[in-house]
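Undergrad: Here it is: the structure, laid out below.
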DNA sequence: GTGCCTACTTTCCTTTGGAGAGTATGGGAT
DNA sequence: ATCCCATACTCTCCAAAGGAAAGTAGGCAC
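Structure follows, in C-alpha cells:
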C-alpha cells in the first residue's frame, strides 16, 4: 500500500511551505461534496445542460449548482458553452483538467463502494456504545 | 487514462440505486475539507494528540477539530485512545480503514500538486475576462 | 394578451462554522 | 494551603454558508 511519500518522495519533501499552503487551499476548494458529485455526473454522462445536472445530482439546490459550476469553470475544470437561443441553452462539459481530477477521485469512489459496509458497521457500533 | 467504468465495470454498472445513494452519502461525508486535511496530517505524522493536530491543520477551529475527529471515529477512520491522567491525554491515530481512505485520496493530492499552476492560470484568465 | 421554456437571481430563513472564553482535574510551585 | 498550569474539550455568540421557493428575461406558440 503506497503512501504519498513512497510514490513521489522527492517532489513531496521538496515542497516549500508556500506551495503546501496553496495545495491545501486548492484541496479545500476541490474536496467539496458538490464538486465531487458534479465531477462524477459529468464524467459519467458527458456534456449536460443545467436542468439535467440538477437531476443527476440529487439534493443539489439551483443556487449551489450555479455556484459550484461557476467555481469549477473558474478553476478550469468545466467548460461552459452558451448557445444564444431562446429558451436559453447552456452546455457543461469537463475539460481535460476536470477529467484528470475525476480520475484522481476515482480511488475514493472505489473506496466508498468497497467499504460501505465497514463504515456502516462502525457507525452502529459507535452509536450503541453511547 | 482509466475511468471508473474501465477499472471496475461490472461492480459499477451493477449498483442498484439504493447502494448508489449510500455511496453518495458516504462521499458527501468524507469529501470534506477538514476530513481530508486531518487524514493527511495523521497519515504523515502518525499518532497525534489534540493540540498537535490543531497545529498540523492550519486554520481549523477547536470546534471543527473535535467535531471532525468524532465523525471520523464514528465512521471507523480514526482510533481515539484516552489515557485517564491529568492533565488529559488523548491520542488519535488512523485505523486500517482510515489509512486505506488516505491512500485513496493520494491521487487527489498528487493532482493538486501537479496542476496548481494550471488552476491558477485558469483563474486569472477567468477573472480578467469579466 | 396569456402562458411556457430555461437558466439563472433574489429573498428569506435555517444550519454550519469561527472566535474566544469557560470548565474540570490533579500535580507542582510557592 | 493557595495559586497556577496543562489539556481536551464545551459553550456562547455572531458571521457566513446553504436550502426553498418565488421572481426574471425574452422570444415563441397560442
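Chains as they are written, first to last, in the working numbering: chain A, 114 to 243; chain B, 114 to 243. We put the beta carbon where it would ideally sit given N, CA and C, even for glycine. Just so you know, these numbers come straight off a predicted model, no measurement behind them.
Taking only beta-carbon atoms, is residue 179/A less than 9 Å away from chain B?
TA: On the first chain, position 66 is the one that residue 179/A refers to. Not an interface residue.
Undergrad: State buried or exposed for residue 183/B, treating a residue as buried only when at least 16 other CB atoms are found within 10 Å of its CB.
TA: Taking the second chain and counting its residues from 1, the one referred to as residue 183/B is at position 70. It counts as exposed.
Undergrad: So if I threshold CB-CB distances at 7 Å, which residues from the region 216 to 239 of chain A count as touching chain B?
TA: Residues 216, 217, 218, 219, 220, 221, 222, 223, 224, 225, 226, 228, 229, 231, 232, 235, 236 and 239.
Undergrad: Inspect the CB distances between the region 164 to 181 of chain A and the region 167 to 177 of chain B and report whether three or more fall short of 8 Å.
TA: Segments in contact, no.
Undergrad: Using a C-beta to C-beta distance shorter than 8 Å, which residues of chain B count as neighbours of residue 146/A?
TA: Within the first chain, numbered from 1, the residue matching residue 146/A stands at position 33. Those are 140, 141, 144 and 145, listed as they occur along chain B.
Undergrad: Return helix, strand or coil for residue 190/B, following the three-state DSSP convention.
TA: Taking the second chain and counting its residues from 1, one reaches residue 190/B at position 77. Note: residue 190/B maps to coil in three-state DSSP.
Undergrad: Let me check understanding here. Comparing Cα to Cα, which of 131/B, 192/B and 132/B lies closest to residue 152/B?
TA: Here residue 152/B is taken as the residue at index 39 of the second chain, counted from 1. Residue 152/B has its Cα closest to that of 192/B, out of 131/B, 192/B and 132/B.
Undergrad: In the DSSP assignment, find the unbroken alpha helix (DSSP H) run with residue 199/A in it and report its ends.
TA: Sequence index remark: in the first chain, residue 199/A carries index 86 (1-based). Residue 199/A -> no alpha helix (DSSP H), and no H or E assigned at all.
Undergrad: Is the Cβ of residue 213/A closer than 9 Å to any Cβ of chain B?
TA: As a working note, residue 213/A is residue 100 in the first chain. Residue 213/A counts as touching chain B.
Undergrad: If we count the other Cβ atoms within 10 Å of its Cβ and call it buried at 16 or more, is residue 146/A buried or exposed?
TA: Working through the first chain from its first residue, we reach residue 146/A at position 33. It counts as buried.
Undergrad: Could you give the first and the last residue of the continuous alpha helix (DSSP H) run that contains residue 172/A?
TA: Reading the first chain from its first residue, position 59 is the one you call residue 172/A. Element bounds for residue 172/A: n/a, residue is neither H nor E.
Undergrad: Taking CB distances under 9 Å as the criterion, tell me whether residue 117/A reaches chain B.
TA: Taking the first chain and counting its residues from 1, one reaches residue 117/A at position 4. Because residue 117/A sits at a pLDDT of 46, beneath the cut-off of 50, its placement in the model cannot be relied upon, and the point is left open.
Undergrad: Below 8 Å, how does it come out for the region 194 to 214 of chain B and the region 224 to 233 of chain B: are there three or more Cβ pairs, yes or no?
TA: Counting Cβ pairs under 8 Å, fewer than three are found: no touch.
Undergrad: Identify whether residue 204/B lies in helix, strand or coil by the three-state DSSP scheme.
TA: Along the second chain, read from residue 1 onward, the residue named residue 204/B stands at position 91. It is a strand residue.
Undergrad: Given that a residue counts as buried once 16 or more other Cβ atoms are within 10 Å of its Cβ, and exposed if not, what is residue 144/B?
TA: Here residue 144/B refers to the residue found at position 31 of the second chain. Residue 144/B is buried by the Cβ-count criterion.
Undergrad: Flag residue 187/A as yes if its beta-carbon sits less than 9 Å from any beta-carbon of chain B, otherwise no.
TA: By one-based count along the first chain, residue 187/A stands at place 74. Closer than 9 Å: yes.
Undergrad: Are residue 231/A and residue 215/B close, meaning C-beta to C-beta below 9 Å?
TA: Walking along the first chain from the start, residue 231/A turns up at place 118. Walking along the second chain from the start, residue 215/B turns up at place 102. Not a contact, by the Cβ cut-off of 9 Å.
Undergrad: For residue 202/A versus residue 162/A, is the C-beta distance shorter than 9 Å?
TA: To locate residue 202/A, count along the first chain from 1; it is residue 89. To locate residue 162/A, count along the first chain from 1; it is residue 49. Closer than 9 Å, so yes.
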